[in-house]
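A quick write-up on the structure given underneath.
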Amino acid sequence: MPEVTFTDLLADLAGHLDRLEADRTKLVVIRPGHEPMVIVPLAEFESLRETAYLLSSPANAAHLRRSIAELDR
53 MPEVTFTDLL
63 ADLAGHLDRL
73 EADRTKLVVI
83 RPGHEPMVIV
93 PLAEFESLRE
103 TAYLLSSPAN
113 AAHLRRSIAE
123 LDR
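Following my numbering, the numbering of the sequence shown begins with 53 at its first residue and continues without gaps.
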């Protein structure tokens, strides 16, 4: 994942956001003395949340794994 300092992010916020949108990637923002933060496109964030929800049920996770294995065959 690419990283950027907070200062560099502010210096070219629109450019960074345009690259995230075009590349569908994530960007780690580093600030001294603070926990790193990640900026992601909203669609990517919603996809991650949906995946976490679907995998939160052991029965559903097992069903999804079986379906993926069947698809791979």
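The beta carbon of each residue, even a glycine, is placed where N, CA and C say it ideally should be.
Using only alpha-carbon positions, find the residue among the options that is nearest to residue i.
| i | options | result |
| --- | --- | --- |
| P84 | L123, V56, R125 | V56 |
| L65 | E122, I91, E98 | I91 |
| D71 | A121, H86, H115, P54 | It is worth fixing the name first, because residue 71 is Arg in this sequence and not Asp. Among A121, H86, H115, P54, the Cα nearest to that of R71 is on P54. |
| A95 | H86, T77, N112 | T77 |
CA-CA distance, residue i and residue j?
| i | j | result |
| --- | --- | --- |
| R118 | R101 | 21 Å |
| D75 | S108 | 28 Å |
| M89 | S99 | 18 Å |
For the alpha helix (DSSP H) that residue i lies in, which residues bound it at each end?
| i | result |
| --- | --- |
| T59 | 58-63 |
Can you name the residues that DSSP bridges to residue i?
| i | result |
| --- | --- |
| L79 | I91 |
Whole alpha helix (DSSP H) elements within the region 82-118, 4-residue minimum: 94-107
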